[in-house]
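Residue numbers for the sequence shown follow the working numbering, beginning at -15 and rising by one. All C-beta atoms in this analysis are idealised placements derived from N, C-alpha and C, irrespective of residue type, glycine included. The structure displayed is predicted, hence computed values, not measured ones.
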Amino acid sequence: MTEGTLIEVEDLHVRFDLFEGVSHVLNGVGITIRNGERIGLVGESGCGKSLLARCILGLLEQKNIRIDGAIRYHGRDLFAMRGSEWRDLRGRRITMIFQDPTAALNPVFTVADQMVEVIQRGGNRKRKREECLDIARGALRRVFIDDPDRVLRSYPFQLSGGMAQRVIITMALANDPELVLADEPGTSLDVTVQEQTLRLMATLTQEAGAAVLLIAHNLGVVREFCERLYVMYGGVIVEEGSVEEIFNEPLHPYTQALFGAVPRLWGGDLPKAIAGMVPDYTQAPEGCRFHPRCPHAKPECQSTPPWVKLGEGRGVRCVLFEGAERSTVHA
Ligand SMILES: Nc1ncnc2c1ncn2[C@@H]1O[C@H](COP(=O)(O)OP(=O)(O)O)[C@@H](O)[C@H]1O
Ligand code: SF4
Ligand SMILES: [Mg+2]
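Here it is in C-alpha cells:
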C-alpha cells in the first residue's frame, strides 16, 4: 500500500445466485482512492457502479451474494471488520449520497430527529439534543438554508427535492468523513437543482478535505469536479487515468464510444449511440466483456485481456495496447 492510500479494492468479484443462474457482475475490479482525492466512476447504466459503491460501504447483506477479493481501508481488511470498528466506519468515516434524496430520508421522522441521530453517531452518544441541533443549524446554514429551524421541524415529504438533497449532503458531511460515495446525486431532480447541489457538494467536500467517489452520467460535471477517472464496463474497470488524460485521449474502445455518445451542445458530429447492450451477467461474454459491441474485436478478445499499465495511475484493459505497457502490474 502506498502512503496516503485510503481505499484499495483488489480483484473484487461479486456474484449473485439467481433463479436464472449465477449472475457474475463485478469481475475482478481494482481501484485505489487516496486521501482527499476526487475520483469519477463512469459507465452506462447496469455496469456495476452502484454495486461497487455499496460493496465499499458494506451495504450487501443478502444471502444469495458471494464476494471474493479484498477491500482495504487504510490497509485494513474491510470485510474482517466487526462491532464498533465497523459501525465507526460505515456511515461515519465513509458515507454515501444516493440518487433520490427523498428516499434516502426516513419518512416518519423529522429532519431534526434524523440529524441529531447522525451527529450523535458521529461522536458522543451523550451529546445533548440541543447541542446537536445547534451543530445541525450551523451545518444547514453552510448549504445556504436560511431558515434552518423550519427545515429541522419538517418531515421529508415537506421538503422540495433540492432542499432534501441539501439535507442529505449536510448529513453525509456532518461527521467529517474521509470518503463520500456520491452515487448520481440528484439525478432525480431537475437539471438546474442538480447542478447546484453537485457544485455545493464539490465545494463542501473540498473544504472538508474528504475524498469523493463520484458516480455521474454528466461527463461535464465529472470533468469539472474530478481529478482521476475509472471507466467501468460490464463489471470490469476498462480504463484508468487522470481526467485530463482520459478526456484528451480516451484509449479503450468503450471509453471512446461512451464519450462519443455524449450529446455535443456545441454542434459538430451527431453523437453515436453505442450499439448493443450491457451484458446479461448470467451469461456474460467470455474474454473481453465488450467484445460483442466492439468495432475492433478480434479472435484473441475472447480471452481475458490483460491490464496494461501505461504509467502511474494510467492503464487500460484491451488487447490493442498489449506491448505498450511500461510494466504489467495488474490493477
Ligand atoms: N442485490 C442485487 N441482486 C442481484 N443483482 C444485482 C443486485 N444489485 C445489483 N445487481 C445487478 O448488478 C448489475 C449492476 O447494477 P448497478 O451496480 O446498479 O449498475 P449501475 O449503478 O452501473 O447502473 C445489474 O445487472 C443489477 O441487476
Ligand atoms: S479487448 Fe478486444 S473487444 Fe475488448 S475492447 Fe479491446 S479490441 Fe475491443
Ligand atoms: Mg447506479
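Closer than 7 Å: F265 CB and nearest ligand 1 heavy atom: Sequence check: residue 265 is Tyr here, not Phe. Under cutoff, so the answer is yes.
If you draw a straight line from the C-alpha of A166 to the C-alpha of V196, how long is it? 7 Å
For C302, three-class secondary structure by DSSP: coil
Any idea if V6 is buried or exposed, counting beta-carbon neighbours within 10 angstroms, 16 or more meaning buried? That one is exposed.
Can you tell me the Cβ-Cβ gap for C272 and P289, rounded? I've got them flagged as a contact below 8 Å. 5 Å
Beta strand (DSSP E) containing E224: first to last residue? 220 to 226
Relative to ligand 1, is the shortest distance from any of its heavy atoms to the C-beta of Q46 smaller than 7 Å? Yes.
Report back the beta-carbon spacing between E228 and V215 to the nearest angstrom; my notes put them in contact at under 8 Å. No, E228 and V215 are not in contact; Cβ-Cβ is about 14 Å, not under 8 Å.
Let me confirm a value: K293 is counted as buried when at least 16 other C-beta atoms fall within 10 Å, else exposed. Which label applies? buried
Is there a Cβ from chain C that is less than 8 Å from the Cβ of T187? Looking at the structure shown, chain C is missing, and only one protein chain is on hand.
Quick check on G307: does DSSP put it in helix, strand or coil? DSSP places G307 in coil when its eight states are reduced to three.
Straight-line Cα distance separating I17 from R212: 9 Å
Using DSSP bridges, identify the partner residues of N232. In DSSP, N232 forms no bridge with anything.
Nearest to D160 (by Cα), restricted to the options P279, L235, V102, R38: V102
By the DSSP assignment, the alpha helix (DSSP H) with T16 in it spans what residues? Looking at the DSSP string, T16 is not in any alpha helix (DSSP H); the run it does join, the beta strand (DSSP E), is 5 to 18.
DSSP state of H(-3) mapped onto helix, strand, coil: strand
Distance between I81 and L(-10) (C-alpha atoms, nearest Å): 19 Å
Contact set for I258: own chain, Cβ-Cβ below 6 Å, skip 5 residues either direction: A241, A245
Which partner residues does D61 have in the DSSP bridge list? R56
Please classify V303 as buried or exposed, where buried requires at least 16 neighbouring CB atoms within 10 angstroms. buried
Please tell me whether, using a cut-off of 7 Å, the distance from the CB of K112 to the nearest non-hydrogen atom of ligand 1 is below it. No, Cβ of K112 sits at least 7 Å from all heavy atoms of ligand 1.
Please determine whether the Cβ atom of S34 lies at a distance below 7 Å from any heavy atom of ligand 3. S34 Cβ: within cutoff of ligand 3.
May I ask whether a heavy atom of ligand 3 can be found less than 7 Å away from the beta carbon of D167? yes
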